[in-house]
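Note sheet for the following structure.
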């Protein structure tokens, strides 16, 4: 039986279909889930995709974090299920207190869209085991409120306990403190990041590489990592 990874659609989600395709390309079965449901349909892992849930009203991810299905997401995450929050999904995870810190408007005040180099800091999470420590990967980034912030005490703890998973390399695109692009929970099963790995999973549609235009597939390892984690825990 293949690994089943649920992708939740919220009102305003944009990248849910892309995430489903990434799951399929990695070799798992994507399961479309609806924000208004209380049924996770027996999935092995979850993806909260990018977009503009509820139009980003109030705060990005704040309203979506209170959607009916988030009760089940929180319970599943606390029980150890792998959960990945991408961009708006990362914002939801912080609003739901599954991850620390928060995301604010980019320090330059503008929406940014670029291929972004990241350095992998932690390969012990459910979504990063197929990377190597200090590996540099290129993942598309697109956000207007992607600046990661937290108190100095929280930042020190995240760094000291190895919960910083990705950092921006060469340029900090949004003013995130300490160049943090993604973090994980204490158990490492919940990961959130602003860049979009689902847009770097298929040759011909990913970032440019030294080998060829649009050939970058660094994002695929996020999903293959989750598959391996779920199979190992089965």
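In our numbering, the protein residues as written are 3 to 236.
Even glycine gets a Cβ: it sits at the ideal position worked out from N, Cα and C.
Nearest-angstrom Cα distance between residue 6 and residue 33?
-> Distance between the alpha carbons of residue 6 and residue 33: 7 Å.
Could you tell me whether the stretch 104 to 114 touches the stretch 145 to 159, where touching means 3 or more Cβ pairs closer than 8 Å?
-> In short, these stretches touch, since the Cβ pair count reaches three.
With distances taken between CB atoms, is the gap from residue 172 to residue 119 smaller than 8 Å?
yes
(Q) So for residue 67, helix, strand or coil by DSSP? (A) Residue 67: helix per DSSP, three-state reduction.
According to DSSP, is residue 145 helix, strand or coil?
For residue 145, the secondary structure class from DSSP, reduced to helix, strand or coil, is strand.
Requested in this report: Sort 35, 193, 40 by Cα distance to residue 100 and report the nearest one.
Outcome: 193
Within the continuous alpha helix (DSSP H) that includes residue 155, where are the two ends? 154 to 162
* Asked: Any idea what DSSP makes of residue 178, helix, strand or coil?
  -> coil
Check your understanding: Is it the case that the Cβ atoms of residue 199 and residue 106 are separated by a distance below 8 Å?
Key -> no
Only counting runs of 4 or more residues, tell me where the alpha helix (DSSP H) segments fall wholly within the stretch 57 to 135, in order along the chain.
71 to 80, 90 to 97
task = With DSSP as the reference, please indicate the residues paired to residue 7 in a beta bridge.
result = DSSP lists 32, 47 as partners of residue 7.
Straight-line Cα distance separating residue 83 from residue 169 = 24 Å
Check the DSSP bridge columns for residue 140 and list the partner residues they point to.
Residue 140 has 119 as its beta-bridge partners, per DSSP.
Review point. Under the three-state reduction of DSSP, which class applies to residue 222: helix, strand or coil?
Key: helix
Q.
Tell me the rounded alpha-carbon separation between residue 205 and residue 117.
A. 15 Å
Next on the checklist: Assess contact between the stretch 206 to 217 and the stretch 51 to 65, defined as three or more Cβ pairs (one per stretch) separated by less than 8 Å. Is contact present?
Outcome noted: no
Inter-residue Cα distance where the pair is residue 36 and residue 196: 22 Å
For residue 139 and residue 69, I'd like the C-alpha separation in whole angstroms. Distance between the alpha carbons of residue 139 and residue 69 is about 33 Å.
Note to self: Can you give me the C-alpha to C-alpha distance between residue 162 and residue 184, rounded to a whole angstrom?
What the structure shows: Cα-Cα distance, rounded: 15 Å.
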